[in-house]
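In my numbering, the protein residues as written are 275 to 358.
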């Protein structure tokens, strides 16, 4: 949709407990971040360095920017697709 906004960011979570358990969860969320970045690289064609920079904090895009970034294939302007 033309007025949509898209946001990408790194994984987010919270955990409490013993220090060893917190370390386990921190390691797992870092693995998840690396995997998500790899997926974004594969599907958008953006370099890893840009993906890492853009996902470090909330990164907002317009629908057209998301298309140019490679996150979406097209911006729908009518229900049922864009076909005439």
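Ideal Cβ placement from N, Cα and C applies to all residues, glycine included.
Keep in mind that this is a model prediction, so the values were computed, not measured.
Can you tell me where the alpha helix (DSSP H) with residue 304 in it begins and where it stops? Element bounds for residue 304: 293 to 318.
Same chain, Cβ closer than 6 angstroms to residue 314, neighbours up to 5 away in sequence not counted: So the qualifying residues of the chain are 325.
Stretch-stretch touch, CB-based, cutoff 8 angstroms, three pairs: the region 338 to 345 with the region 308 to 322: At 8 angstroms Cβ cutoff, the stretches touch.
What is the DSSP secondary structure of residue 279, reduced to helix, strand or coil? When secondary structure is reduced to three states using DSSP, residue 279 falls in the strand class.
Rounded to the nearest angstrom, what separates residue 297 and residue 304 at their Cα positions? Straight-line Cα distance between these residues: approximately 11 angstroms.
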